[in-house]
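Residue numbers (my numbering), protein chains in the order written: chain A, 12 to 373; chain B, 10 to 312.
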């Protein structure tokens with residue numbers, strides 16, 4: 012490359028354009044991100060628990076999704092499940108945060124080839140890799156949260172795929188938004204533009220329109236790669252633009268990108284709705300509620316059954332009926348969710364569970 | 010009118026890190042050193058800013074540590090390329106990888122997660138009250154960091170094109186042999202140019218951190234490269250490069266604000282990059298880079 016730069020002015024310019032283009036290409040190519048170095052060398056071995064005498068404690072490995080530990084949302088919910096399993100079941104665990112675009116299969120293999128008897132992949136991005144790795148390690152158990160699956164598709168016997176009907180919980184917070192929005196316009200900020208996140212959008216819209224047929228839902232997605240779940244700066248600008256256009260409540264389903272949505276809500280004094288975990292603490296006074304996905308419960312239950320020897324492969328789908336999704340309603344949001352508002356949302360819940368209000372998932 | 014102001018405010022907000030980065034890039038490259046490490050400098054600046062704020066509780070101290078962190082990475086680049094005479098692009102690439110890896114490791118060690126830092130409060134705004142409809146722009150004009158950024162861009166233009174130091178720095182990139190002949194050290198000026206790019210890049214990173222209120226793994230998201238593209242479009246002149254950044258900022262704002270059910274979002278996501286590539290391809294023919302850009306200076310080498 013130096014040779015190119017040593018040429019006359021015109022070749023130098025072309026050389027300059029070439030490396031700029033190279034840099035841009037690194038960022039345009041999904042799954043590359045330009046940093047092979049992202050793979051986190053150190054496993055967060057948290058394995059001091061073991062107060063069991065004699066036999067080694069059950070060992071669980073977990074690989075986090077894009078956004079990683081500390082996203083206050085999806086990944087942190089999975090982590091809570093692990094911690095609960097550690098205190099209540101006395102297991103040991105270790106985890107990896109591969110970050111965006113690096114080798115998820117390598118992380119899964121690293122854990123499966125070690126002490127772990129059960130290995131989690133947290134996030135839909137793991138679907139293909141975990142299927143492959145589960146086949147390579149038939150004597151280990153695997154579980155994947157947000158497993159992508161088509162009806163009738165075979166699943167390895169040592170792999171449990173866990174899916175949620177996010178659209179159902181999203182419909183409830185959509186109805187809540189309709190009942191509480193003063194402007195009649197609300198916003199949805201999605202992470203990566205994919206069918207999984209479309210489920211949140213579709214449910215939110217359906218619930219909102221059920222209560223306010225003439226209202227408006229503004230929709231933006233942060234991107235088309237996994238990085239869209241870890242871009243708070245983008246989330247903030249998307250939310251600010253929606254607020255400029257009249258939105259006074261914004262629901263996000265975007266991992267740590269949503270932290271930016273909360274910053275926008277703080278700045279402009281509007282309400283935001285959290286996702287996956289109860290996100291009230293991220294912007295107290297500005298979080299209307301959170302559409303929670305019981306990822307922690309799913310992780311805990313999987314560990315429990317695997318440890319007890321009753322692990323079952325296959326796919327489980329958790330919706331409102333199964334308690335897999337819900338919205339937060341406690342002392343923190345009593346100022347908004349009055350008994351009348353709550354009655355209407357609960358009526359919708361009953362309809363969804365009874366099947367008389369079909370919630371679209373795309 | 011209100012939406013127009015909101016649009017302009019968003020363009021300005023998004024353009025700030027590009028503008029600072031482009032000015033920084035101009036200092037380094039005018040001195041003859043290609044600096045694609047700018048991307049890593051942004052990351053270091055952002056991390057330093059969050060760390061400094063969390064450690065001291067004072068966001069301005071955070072801005073200061075952010076700038077220092079950016080300059081630290083730049084110093085490595087200067088050491089390797091000017092003193093070590095190594096390939097400037099390879100050094101930049103390596104430093105970008107180093108910045109990502111090092112910040113992830115430090116995050117893990119200090120805050121227990123390789124992905125996210127705790128939240129910081131950010132810089133308080135000045136109390137400016139403006140009539141309804143002007144809030145969006147008023148918020149920005151009341152932001153001391155925004156005013157600082159504008160001042161830094163102007164200062165950069167003056168320093169590079171209005172002072173003897175700037176003249177000598179440009180000579181280091183355009184005719185190092187002449188500068189050497191006049192009795193100045195080419196190496197020293199180049200090191201200063203690279204350090205100044207670290208200063209500006211660190212400031213840009215601090216801006217990102219203060220706007221976002223935390224540090225996220227790899228949070229510069231390619232902004233350093235866009236800043237370099239703007240620098241070329243602005244023909245290695247700080248003021249013109251900052252103006253080019255407004256173009257990129259506008260493209261990004263457009264992408265954020267256009268919502269259509271007919272256009273796939275994948276296409277909208279491309280807009281800023283597409284504009285970058287089109288503008289680069291269209292303007293590049295007329296852009297004159299510094300003549301000795303990319304060449305390590307060797308006193309003994311024959312003409």
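Backbone N, C-alpha and C fix where the C-beta goes; we use that ideal spot for every residue, glycine too.
Because the structure is a prediction, the values reported are computed rather than measured.
Beta-carbon gap between residue i and residue j smaller than 8 Å
i	j	result
residue 130 of chain A	residue 136 of chain A	no
residue 206 of chain B	residue 217 of chain B	no
residue 236 of chain B	residue 31 of chain B	yes
residue 213 of chain B	residue 51 of chain B	yes
residue 255 of chain B	residue 24 of chain B	yes
residue 242 of chain B	residue 129 of chain B	no
residue 207 of chain A	residue 133 of chain A	no
residue 89 of chain A	residue 156 of chain A	yes
residue 122 of chain B	residue 80 of chain A	yes
residue 144 of chain B	residue 134 of chain B	no
residue 82 of chain A	residue 321 of chain A	no
residue 325 of chain A	residue 166 of chain A	yes
residue 251 of chain B	residue 281 of chain B	no
Min CB distance residue i to chain B below 8 Å
i	result
residue 42 of chain A	Any reading at residue 42 of chain A must be qualified, since the residue scores a pLDDT of 36, below 50, and its modelled position is unreliable; no value is offered.
residue 251 of chain A	yes
residue 367 of chain A	no
residue 49 of chain A	Confidence is the limiting factor: at residue 49 of chain A the pLDDT is only 33, short of 50, which leaves the residue's position unreliable and the question unanswerable from this model.
residue 80 of chain A	yes
residue 238 of chain A	yes
residue 164 of chain A	no
residue 177 of chain A	no
residue 204 of chain A	yes
residue 58 of chain A	Its pLDDT being 40, under 50, residue 58 of chain A is placed unreliably by the model, and nothing is read from it.
residue 255 of chain A	yes
residue 188 of chain A	no
residue 265 of chain A	no
residue 53 of chain A	Residue confidence is low: residue 53 of chain A scores 40 on pLDDT, short of 50, so the model does not pin down where it sits. No coordinate-derived value is stated.
residue 285 of chain A	no
Min CB distance residue i to chain A below 8 Å
i	result
residue 266 of chain B	yes
residue 225 of chain B	yes
residue 125 of chain B	yes
residue 236 of chain B	no
residue 122 of chain B	yes
residue 145 of chain B	yes
Chain B residues whose Cβ lies nearer than 7 Å to that of residue i
i	result
residue 232 of chain A	274
residue 248 of chain A	19, 23, 265
Within chain A, the residues that residue i reaches when beta carbons sit closer than 7 Å
i	result
residue 222 of chain B	274
residue 278 of chain B	234, 235
Chain-ordered neighbours of residue i on chain B, where CB pairs are closer than 8 Å
i	result
residue 371 of chain A	Residues of chain B passing the Cβ test: none, with the nearest at roughly 15 Å.
Neighbour list for residue i in chain A, Cβ cutoff strictly below 9 Å
i	result
residue 324 of chain B	There is no way to answer for residue 324 of chain B, as the model of chain B reaches only from 10 to 312.
8 Å Cβ shell around residue i - same chain, five flanking residues per side excluded
i	result
residue 261 of chain A	197, 198, 199, 200, 250, 253, 254, 272, 275, 276, 281, 282, 283, 284
residue 136 of chain B	151
residue 403 of chain A	A question about residue 403 of chain A goes unanswered here, because the residues of chain A that appear run from 12 up to 373.
residue 297 of chain A	273, 276, 277, 280, 281, 282, 283
residue 314 of chain A	69, 71, 92, 93, 96, 100, 102, 129
Close beta carbons around residue i, own chain, < 7 Å, minus the five adjacent residues each side
i	result
residue 340 of chain A	300, 348, 353
residue 34 of chain B	44, 47, 206, 236, 237, 240
residue 234 of chain B	48
residue 283 of chain B	none
residue 82 of chain B	46, 49, 50, 53, 104, 108, 207
residue 185 of chain B	41, 195, 301, 306
residue 80 of chain B	204, 207, 208, 211
residue 3 of chain B	One cannot answer for residue 3 of chain B here, as it falls past the ends of chain B, which runs 10 to 312.
Cross-chain neighbours of residue i in chain B, by beta carbon under 9 Å
i	result
residue 270 of chain A	125, 128, 221, 222, 223, 225
residue 108 of chain A	113, 117, 122, 123, 124, 226
Contacts around residue i, its chain only, beta-carbon distance under 6 Å, and the 5 residues preceding and following it disregarded
i	result
residue 55 of chain A	With a pLDDT of 41 at residue 55 of chain A, under the threshold of 50, the modelled position of this residue cannot be trusted; read the value that follows with caution. Closer than 6 Å at Cβ, skipping near neighbours: 106.
residue 178 of chain A	210, 213, 214, 370, 372
residue 70 of chain B	61
residue 307 of chain A	88, 91, 92
Contact list for residue i against chain A, beta-carbon separation under 8 Å
i	result
residue 217 of chain B	244
Within-8 Å CB hit, residue i to chain D
i	result
residue 149 of chain A	The structure shown has no chain D; the protein chains it does contain are A and B.
Selection of the stretch 10 to 22 of chain B by Cβ proximity to chain A, strictly under 7 Å: Residues of the stretch 10 to 22 of chain B whose Cβ lies closer than 7 Å to any Cβ of chain A, in chain order: 12, 15, 19.
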